[in-house]
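Chains A and B are the protein sequences, given in the same order. Position one of the first sequence corresponds to residue 51 (this note's numbering), numbered consecutively onward. Position one of the second sequence corresponds to residue 51 (this note's numbering), numbered consecutively onward. C-beta: ideal position from N, C-alpha, C; glycine also. Here the structure comes first, spelled out in structure tokens, and everything after it is commentary.
There are 2 protein chains.
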Amino acid sequence: MHFFDRLADRISAADSVVSVGLDPDPDRLPDAVRDADLPRWQFNRRIIDATHEHAACYKPNAAFYEDADGWRALQETIAYAHGKDVPVLLDAKRGDIGNTARQYARILDGEDGPAADAITVNPFLGRDSLEPFLQRAEKGVFVLGRTSNPGGADLQDLELATGEPLYERVVHLADLWNENGNVGLVVGATNPDELESIRDLVPDIPFLVPGVGAQGGDAEAAVEHGLADGVGLVNSSRGIIFAGEDSRGDFFDAAGQSAKQLKRRLNQFR
Amino acid sequence: MHFFDRLADRISAADSVVSVGLDPDPDRLPDAVRDADLPRWQFNRRIIDATHEHAACYKPNAAFYEDADGWRALQETIAYAHGKDVPVLLDAKRGDIGNTARQYARILDGEDGPAADAITVNPFLGRDSLEPFLQRAEKGVFVLGRTSNPGGADLQDLELATGEPLYERVVHLADLWNENGNVGLVVGATNPDELESIRDLVPDIPFLVPGVGAQGGDAEAAVEHGLADGVGLVNSSRGIIFAGEDSRGDFFDAAGQSAKQLKRRLNQFR
Numbered sequence: 051m052h053f054f055d056r057l058a059d060r061i062s063a064a065d066s067v068v069s070v071g072l073d074p075d076p077d078r079l080p081d082a083v084r085d086a087d088l089p090r091w092q093f094n095r096r097i098i099d100a101t102h103e104h105a106a107c108y109k110p111n112a113a114f115y116e117d118a119d120g121w122r123a124l125q126e127t128i129a130y131a132h133g134k135d136v137p138v139l140l141d142a143k144r145g146d147i148g149n150t151a152r153q154y155a156r157i158l159d160g161e162d163g164p165a166a167d168a169i170t171v172n173p174f175l176g177r178d179s180l181e182p183f184l185q186r187a188e189k190g191v192f193v194l195g196r197t198s199n200p201g202g203a204d205l206q207d208l209e210l211a212t213g214e215p216l217y218e219r220v221v222h223l224a225d226l227w228n229e230n231g232n233v234g235l236v237v238g239a240t241n242p243d244e245l246e247s248i249r250d251l252v253p254d255i256p257f258l259v260p261g262v263g264a265q266g267g268d269a270e271a272a273v274e275h276g277l278a279d280g281v282g283l284v285n286s287s288r289g290i291i292f293a294g295e296d297s298r299g300d301f302f303d304a305a306g307q308s309a310k311q312l313k314r315r316l317n318q319f320r
Numbered sequence: 051m052h053f054f055d056r057l058a059d060r061i062s063a064a065d066s067v068v069s070v071g072l073d074p075d076p077d078r079l080p081d082a083v084r085d086a087d088l089p090r091w092q093f094n095r096r097i098i099d100a101t102h103e104h105a106a107c108y109k110p111n112a113a114f115y116e117d118a119d120g121w122r123a124l125q126e127t128i129a130y131a132h133g134k135d136v137p138v139l140l141d142a143k144r145g146d147i148g149n150t151a152r153q154y155a156r157i158l159d160g161e162d163g164p165a166a167d168a169i170t171v172n173p174f175l176g177r178d179s180l181e182p183f184l185q186r187a188e189k190g191v192f193v194l195g196r197t198s199n200p201g202g203a204d205l206q207d208l209e210l211a212t213g214e215p216l217y218e219r220v221v222h223l224a225d226l227w228n229e230n231g232n233v234g235l236v237v238g239a240t241n242p243d244e245l246e247s248i249r250d251l252v253p254d255i256p257f258l259v260p261g262v263g264a265q266g267g268d269a270e271a272a273v274e275h276g277l278a279d280g281v282g283l284v285n286s287s288r289g290i291i292f293a294g295e296d297s298r299g300d301f302f303d304a305a306g307q308s309a310k311q312l313k314r315r316l317n318q319f320r
């Protein structure tokens, strides 16, 4: 089943376009899991238990799984999310060449364990660097288009000789690379006008919109422009998984409440 | 000790600017290590034994260490290279934002094990995405400038409104970001003219030049333009570590011979 079809089904089943970012910062894990074997996995499991009814997908960021136990925690997390029938988008922002690109793409195959259903990639090295991902037609490939961080402007806003900013060219390239219908775009929510202008360029490509929640993006614009035929994702990571830090009740209940609130907030605009 | 000072010492001690890429493709490991515990680490150890006299640095590519045992194999590899007094440059091409960028940079700290001495990074997300790396003033940060793969042209050659190609702007930005004197650039060797023009822009920044060896770049140009005050790296990965596939003798001896030959070939032009 192709990723965007699977995602459409999940969005329908959960009545939600919320992507829950699983970024288990080791400095912020609650005591309840800190001393467990594979504390990140225990943390993610309890977050998934608390939030899965409201999750269109889970988005672990690879940065939080890069150590001796990390890959195992990531694999257990993917398997557990699948057990709740929620797809997993690995936020890896990978981009490399030749045999290294092929090697990175193996996480989509599940030869060594559970496979991610989609991945984020960086376009700076061009088409052949993304080919091993694009070729896996049933997997989703979200190309970084316009990111929401301050430095995003350093390269992405540069004006080309043709008059367009670099990020618009990247968006056109992503459209060109979408021969298998499996390409998405990562577009930040901090500038609603940009989000709208990018949507006008590619009416049919689903967006992953980060920056709602901890980064304070515009929820209405994220939904209005982020979805293509109803399919797309609006992500919150810390705003959901660490909601319990500011709660007097149960840490994980607070994550569930936060996911539910974001779902409702976004559903107002769907 | 700052990375480029350490690298200068090593270049002097080994009389070599060869970077040996440790990309232990699981499909190409020889029988001698295939059934070992941590076969990649056993492979790398024997490669390091055979090549270290000729190595200015080792460059493991993170793509080959992304599975349950991978990080441990990488850590053992870093420790073993350090035991031979050879610095390690992790070819990770990372680029992410905020707390994820900070998390990726931890591999330079050695909190959870041996630390890499330098890393490659992707500039597409701009300065704040690289700040956690740049801040670690004793560590080397090699920014992707102009890559040697076919798709490198897709973005990097785009002409800006100012008339310069995008990669030149990236080179200028890298120079701007070099407040701690710890920035290098990754510049492919497949186009010697480009290598020369980039060197003219930034006379003092050491380059990591991949693409000599398996990718068939120009060794003379790589040395002539890649070094800044004698410091820089010319990488070969498969051309060294899998040289034994075409040899009738010992697999690892062939790697040592290949590293020695590349060292001599490059030293003609130093």
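- The region 271-287 of chain B and the region 303-320 of chain B touch, with no fewer than 3 CB-CB distances between them shorter than 8 Å.
- If you draw a straight line from the Cα of ARG186 (chain B) to the Cα of ILE61 (chain A), it comes to about 42 Å.
- Look at TYR130 (chain A): its C-beta is not under 8 Å from any C-beta on chain B.
- Taken through DSSP and simplified to helix, strand or coil, ILE291 (chain A) comes out as helix.
- When the alpha-carbon of LEU194 (chain A) is set against those of A:PRO89, A:PRO164, A:PHE174, A:PHE183, the nearest one is in A:PHE174.
- Shown here, ILE128 (chain B) sits in a helix according to DSSP, grouped into three states.
- Residue-level contact by beta carbon holds for ARG122 (chain A) and chain B, with a gap shorter than 8 Å.
- Rounded to whole angstroms, ARG144 (chain B) and ALA168 (chain B) show a C-alpha spacing of 12 Å.
- Going by beta carbons, ASP146 (chain A) and THR150 (chain B) fall outside the 8 Å limit.
- Neighbourhood of LYS143 (chain A) in chain B, by CB distance below 7 Å: GLY145, ASP146, in chain order.
- Ranked by Cα distance from GLY238 (chain B), the first of B:PHE292, B:TRP121, B:VAL284, B:ASP279 is B:VAL284.
- Counting only runs of 4+ residues, the alpha helix (DSSP H) found wholly inside the region 198-240 of chain A occupies 202-206, 216-226, in chain order.
- Listed in chain order, the non-local C-beta contacts of HIS104 (chain A) below 7 Å within the same chain comprise ALA64, SER66, VAL68, ALA309, LYS310, LYS313, local neighbours out to five positions each way being set aside.
- A contact is defined here as three or more CB-CB pairs under 8 Å, and the region 285-296 of chain A meets this definition with respect to the region 248-265 of chain A.
- Within chain B, no C-beta atom comes nearer than 9 Å to that of VAL237 (chain A); the closest sits roughly 13 Å away.
- Selection A:ALA112, A:ASP59, A:ALA131, A:LEU258 evaluated against ASN94 (chain A) yields A:ALA131 as nearest (Cα-Cα).
- For ASP250 (chain B), the enclosing alpha helix (DSSP H) has its first and last residue at 242-251.
- A contact between stretches requires three or more CB pairs, one per stretch, nearer than 8 Å, and the region 238-255 of chain B meets this requirement with the region 191-210 of chain B.
- Using beta-carbon distances, LEU72 (chain A) does not count as an interface residue toward chain B, since no partner is under 8 Å.
- When Cβ-Cβ separations below 8 Å define contact, ASN149 (chain A) makes contact with chain B.
- Counting along the chain, SER286 (chain A) sits inside the beta strand (DSSP E) bounded by residues 283-286.
- LEU140 (chain B) and ARG315 (chain A) have their C-alpha atoms roughly 42 Å apart.
- Using a 10 angstroms sphere on the CB of ARG96 (chain A), the tally of other CB atoms reaches 16 or more, which defines it as buried.
- When Cβ-Cβ separations below 8 Å define contact, GLU116 (chain A) makes contact with chain B.
- With respect to chain B, the C-beta atom of ASP250 (chain A) has no partner C-beta closer than 8 Å.
- Scanning chain A for C-beta atoms nearer than 7 Å to the C-beta of ALA211 (chain B) yields GLU209, LEU210, ALA211, reported in chain order.
- Between LEU205 (chain B) and LEU216 (chain B), the gap from beta carbon to beta carbon is short of 8 Å.
- VAL68 (chain A) has a beta carbon lying at 8 Å or more from every beta carbon in chain B.
- For PRO182 (chain B), the uninterrupted alpha helix (DSSP H) run begins and ends at 177-184, by DSSP.
- No residue range can be given for ILE147 (chain B), since it is assigned to no beta strand (DSSP E) and is classified by DSSP as neither H nor E.
- Segment contact: the region 76-88 of chain A against the region 104-119 of chain B, fewer than three CB-CB distances shorter than 8 Å; contact not assigned.
- Per DSSP, the unbroken alpha helix (DSSP H) holding ALA304 (chain A) starts and ends at 301-317.
- As a beta-bridge residue in DSSP terms, ASP141 (chain B) pairs with B:ASN111.
- Listed along chain B is no residue with a C-beta nearer than 8 Å to that of THR101 (chain A); the closest approach is about 20 Å.
- Pairing ALA123 (chain B) with ASP162 (chain A) gives a Cβ-Cβ distance that is not under 8 Å.
- DSSP places ARG196 (chain B) inside the beta strand (DSSP E), whose first and last residues are 190-196.
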